[in-house]
Amino acid sequence: MSASVDPIDAVRNAFPAIVKNPDYIFSENAGGCQVLGSVVAKISSYLVDTNVQMADYQLAKAAKARVDAGYAATALYLGHDVSPDEVMFGASATQLVENLSRMIEESIIQQHLWVAGDEIVITEADHETNRGAWKRLAARHGLVIKQWKTSEISPPSVPNPTLGKELHTANLADVVNERTRLVCFTACSNVLGKLVDIPAAVKIIKEKSGGKAWTCVDAVAYAPHRRPKPKDLGVDFMFWSWYKVFGPHIGAMYLSRRAQEQLLTKLNHHFVQHYPGTYPFQPSSQQYELIYSVTAVVEYLVALGSALTSSKISASTLAEAPEVKWVELQGDAPGSKALSQVIDAAYDWIASHEDAMLAVCLHILRKPELKDAIQIVGDVVDGTKTQTPIIAFTIGSLVVRTSLADAYNSILGDSKMGAQRGHMYAYDMIKALGLQVDDGVIRFSLAHYNTTDEARKIVETVAGKLTGADTVPH
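Each residue of the sequence shown is one higher than the one before, starting from 1 at the first, in the UniProt record's numbering.
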């Protein structure tokens, strides 16, 4: 092996877009991350080498083995104790949640598991994915929607935390009771960027509902930064988007075995309802090449964790991550726990590296001379491991004559970096902040392949554009 390199260099070498565009800063990652080269290669390989339907002839068996590997890799990604039979794929996270609501609806109709007046809790902070489907379900069946509201930050963790809000479990107990049947909440707001205390929330839900409420957690903004482990967290449903975790445009969902047996009705054709796994719950065919390609994401995380654990990493270590025999590594199979531990190691490094970038950003953005130019949304602090590198802001009184759209265009106009402006589909979160939903916020969002130098350049550009200064004090 060649001499060890800085992990960030090996990380960046695994992403073709970064290699081909070294001067561009990919900093709109909450909207979608860059894709691994190995993911692209596996999509191509499936379509070129095994693009056939499932059957019993040799090539079809090879195709099925690849799809099975996608399920098995995703299961181990969620924890060594998660079964592939608890994993479901779909066109998007939004579609998966809509499908889930329909599975529950069929049980409501057929088995009268829920009745009019029963309650569903959604949050003020969520992306509409984990709100809209439940509001529609409630409207169709006379269920009551209650809202877990965000809290004002008090006392503030940082000076002048303008527009300070957080989704705190202190407000949850007030909206859960014995009529609560489902609580849907985010693991991390895509606007606030702060991690929600999931174990504390689950404890409150179980206690206040008498164990009658199910939990559905949105991990879309969480999974790029923290490993989603639904069984460890005690949740019934958890979903995320692989394209925000360095993979293809496909959604995935964890469905606990208990929920499959006690709550959900199968949506697929009546003649396939005896099939194993989650296929009977899916109302459509599977995206074979995309499912297979997610093995590359998990293999990348395994390679990253292994290299960090051994302190041996070369420029090609992650770009050429070895394939894993995923189907053989389930439950108590030899090696499954060890592999799970190296995925944890990868995420530990991701969290530490991202916190270092967050510290660089906040060191500049919190300077007194900028407090009237930039209003950061939320209680954004580094060093606590409770904040992802998602930074949303609006403009302060110093630039009040400038619209947010103009400020956005000024920042991005000639800059080689990405950002987003708007409500981020967290419509009620923007309203709760007292902002115009059409304007929303400006959001920068970093991923583990960004560097501290890139983080510094982003915030210096933002601060300079909004204050008119050529340079910003370090």
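From the three backbone atoms N, C-alpha and C, an ideal C-beta is built for every residue, glycine too.
Owing to the predicted nature of the structure, the values given are computational and were not obtained by experimental measurement.
Quiz item: Thinking just about the alpha-carbon of each residue, which of D56, F239 and Q260 is nearest to the one in I250?
Solution: Numbered from 1 along the sequence shown, position 250 holds the residue referred to as residue 250. Taking only the C-alpha atoms, the option nearest I250 is F239.
Exercise. Please classify Q387: does DSSP put it in a helix, a strand, or coil?
Key: The count along the sequence shown starts at 1 and reaches residue 387 at position 387. Here Q387 sits in strand by DSSP.
Exercise. Look at the alpha carbon of G305 and the alpha carbon of S352, and state the distance between them as a whole number of angstroms.
Key: As a first step, residue 305 is located in the sequence shown; it is residue number 305 there, counting from the start. As a first step, residue 352 is located in the sequence shown; it is residue number 352 there, counting from the start. Cα to Cα, the separation comes out at about 13 angstroms.
Quiz item: When the Cβ atoms of the stretch 48-64 are set against those of the stretch 407-426, are three or more pairs found closer than 8 angstroms?
Solution: At 8 angstroms Cβ cutoff, the stretches do not touch.
Quiz item: Three-state secondary structure (DSSP) at M54?
Solution: By 1-based counting over the sequence shown, the position of residue 54 is 54. Here M54 sits in coil by DSSP.
Exercise. Would you give the residue range spanned by the alpha helix (DSSP H) that R456 belongs to?
Key: Position 456 of the sequence shown, counted from the start, is the residue given in the question as residue 456. For R456, the uninterrupted alpha helix (DSSP H) run begins and ends at T452 to T467, by DSSP.
Quiz item: Which residue spans inside the stretch 252-309 form an unbroken alpha helix (DSSP H) run of at least 4?
Solution: 257-262, all fully within the stretch 252-309.
Quiz item: From T309 to V437, what does the alpha carbon distance come to, in whole angstroms?
Solution: Residue mapping note: residue 309 aligns to position 309 of the sequence shown, counting from 1. Residue mapping note: residue 437 aligns to position 437 of the sequence shown, counting from 1. Approximately 45 angstroms, taken between the alpha carbons.
Quiz item: Straight-line CA distance for P224 to G335?
Solution: Numbered from its first residue, the sequence shown carries residue 224 at position 224. Numbered from its first residue, the sequence shown carries residue 335 at position 335. For the pair P224 and G335, the Cα-to-Cα distance works out to about 24 angstroms.
Quiz prompt | Neighbourhood of A201 by C-beta, 7 angstroms cutoff - its chain only, sequence neighbours within 5 removed | solution = Counting from 1 along the sequence shown, the entry for residue 201 is found at position 201. If you ignore the 5 residues before and after A201, its C-beta comes within less than 7 angstroms of the C-beta of T169, L172 and F185, all in its own chain and listed in chain order.
Quiz item: What do you reckon, are the CB atoms on I364 and V459 nearer than 8 angstroms?
Solution: Sequence index remark: in the sequence shown, residue 364 carries index 364 (1-based). Sequence index remark: in the sequence shown, residue 459 carries index 459 (1-based). Against a cut-off of 8 angstroms, the Cβ pair of V459 and I364 comes out as a contact.
Quiz item: Just curious, the beta strand (DSSP E) that S336 is in, first and last residue?
Solution: Walking along the sequence shown from the start, residue 336 turns up at place 336. No beta strand (DSSP E) contains S336, which is instead part of the alpha helix (DSSP H) from S336 to L365.
Self-check item: Bounding residues of the beta strand (DSSP E) (the contiguous stretch that carries V441)
Solution: Residue numbering aside, residue 441 sits at position 441 when the sequence shown is read from its first letter. Looking at the DSSP string, the run of the beta strand (DSSP E) that includes V441 is V441 to S445.
Self-check item: Cβ distance (whole Å) where I313 is taken to contact P7 below 8 angstroms
Solution: As a first step, residue 313 is located in the sequence shown; it is residue number 313 there, counting from the start. As a first step, residue 7 is located in the sequence shown; it is residue number 7 there, counting from the start. Going by Cβ atoms, the distance from I313 to P7 rounds to 6 angstroms, so yes, they are a contact pair.
Self-check item: Spatial neighbours of R456 in its chain, beta-carbon cut-off 6 angstroms, leaving aside the 5 residues before and after
Solution: By 1-based counting over the sequence shown, the position of residue 456 is 456. Around R456: V360.
Quiz item: Which word fits L47, buried or exposed, when buried means at least 16 other C-beta atoms lie within 10 angstroms of its C-beta?
Solution: Position 47 of the sequence shown, counting from 1, holds the residue named residue 47. By the 10 Å Cβ count, L47 comes out exposed.
Self-check item: D9 versus N51: straight-line alpha-carbon distance, rounded
Solution: Counting from one through the sequence shown, the residue named residue 9 turns up at place 9. Counting from one through the sequence shown, the residue named residue 51 turns up at place 51. Using only the alpha carbons, I get a separation of about 35 angstroms.
Quiz item: Quick one: is E323 buried, meaning 16 or more other Cβ sit within 10 Å of its Cβ, or exposed?
Solution: Residue numbering aside, residue 323 sits at position 323 when the sequence shown is read from its first letter. Exposed, by the Cβ-count rule.
Practice problem: Kindly indicate the opening and closing residues of the beta strand (DSSP E) around S241. | Solution: For this step, residue 241 is matched to residue 241 along the sequence shown. Boundaries of the beta strand (DSSP E) harbouring S241: F237 to S241, taken from the DSSP string.
Self-check item: Residue from R181, I411 and P283 with nearest C-alpha to G90
Solution: The sequence position of residue 90 within the sequence shown is 90, counting from 1. That would be P283, whose Cα lies nearest to the Cα of G90.
Quiz item: Anyone know if the C-beta pair for V381 and Q375 falls short of 8 angstroms?
Solution: By one-based count along the sequence shown, residue 381 stands at place 381. By one-based count along the sequence shown, residue 375 stands at place 375. No, the pair does not count as a contact, with Cβ atoms beyond the cut-off.
Exercise. Taking G468 as the reference, give the member of L339, L370 and G418 with the closest Cα.
Key: Your numbering for residue 468 matches position 468 in the sequence shown. Of the candidates L339, L370 and G418, the one whose C-alpha sits nearest the C-alpha of G468 is L370.
Quiz prompt | Through-space distance from D126 to I18, alpha-carbon basis | solution = Residue numbering aside, residue 18 sits at position 18 when the sequence shown is read from its first letter. Residue numbering aside, residue 126 sits at position 126 when the sequence shown is read from its first letter. Using only the alpha carbons, I get a separation of about 30 angstroms.
Self-check item: Coarse secondary structure for Q34, derived from DSSP in three states
Solution: Residue mapping note: residue 34 aligns to position 34 of the sequence shown, counting from 1. Q34 carries a coil assignment under DSSP once its states are collapsed to helix, strand and coil.
Quiz prompt | Nearest residue (CA-CA) to W148, options E178, R179 and V183 | solution = Stepping through the sequence shown from its first residue, residue 148 is reached at position 148. Comparing Cα-Cα distances from W148 to each of E178, R179 and V183, the minimum goes to V183.
Quiz item: In terms of alpha-carbon separation, which member of Q420, N13 and Q34 lies closest to P248?
Solution: Taking the first residue of the sequence shown as 1, we reach residue 248 at position 248. Per the Cα distances, Q34.
Exercise. Go through the stretch 179-239 residue by residue and report every complete run of the beta strand (DSSP E) that reaches 3 residues or more, in order.
Key: 180-186 and 214-218, all fully within the stretch 179-239.
Exercise. Kindly indicate which residue of I411, A392 and E354 has the alpha-carbon position closest to the one of T384.
Key: For this step, residue 384 is matched to residue 384 along the sequence shown. Cα-wise, what sits closest to T384 is E354.
Quiz item: Any idea what DSSP makes of Q147, helix, strand or coil?
Solution: The residue labelled residue 147 in the question sits at position 147 within the sequence shown. In the three-state DSSP reduction, Q147 falls in the strand class (E or B).
Quiz item: Among K20, L36 and V220, which one has its Cα closest to the Cα of A319?
Solution: Position 319 of the sequence shown, counting from 1, holds the residue named residue 319. The option with the nearest alpha carbon to A319 is L36.
Quiz prompt | Spatial distance of I390 from I204 (CA atoms) | solution = Translated into positions along the sequence shown, residue 390 becomes position 390. Translated into positions along the sequence shown, residue 204 becomes position 204. A direct Cα-Cα distance of roughly 27 angstroms separates I390 from I204.
Practice problem: Report yes if the C-beta of R366 is less than 7 angstroms from at least one heavy atom of the ligand SAM; otherwise report no. | Solution: This structure lacks the ligand SAM; in fact it carries no ligand of any kind.
Practice problem: Within the same chain, show all residues whose beta-carbon is closer than 8 angstroms to that of D344, passing over the 5 residues directly before and after it, in chain order. | Solution: Walking along the sequence shown from the start, residue 344 turns up at place 344. Here the set comprises R227 and G305.
Quiz item: What residues match up with R421 in a beta bridge as DSSP calls it?
Solution: Position 421 of the sequence shown holds residue 421. For R421, the pairing in a beta bridge is given by DSSP as I442.
Quiz prompt | Opening and closing residue of the beta strand (DSSP E) in which G132 lies | solution = In the sequence shown, residue 132 corresponds to position 132, counting from 1. DSSP places G132 outside any beta strand (DSSP E); the residue lies instead in the alpha helix (DSSP H), whose first and last residues are T129 to H141.
Practice problem: Excluding the 5 residues preceding and the 5 following P161 in the sequence, name in chain order all residues of the same chain whose CB lies nearer than 6 angstroms to its CB. | Solution: Indexing the sequence shown from 1 puts residue 161 at position 161. Residue placement at P161 is flagged as unreliable, the pLDDT there being 44, under the threshold of 50; a coordinate-derived value is accordingly withheld.
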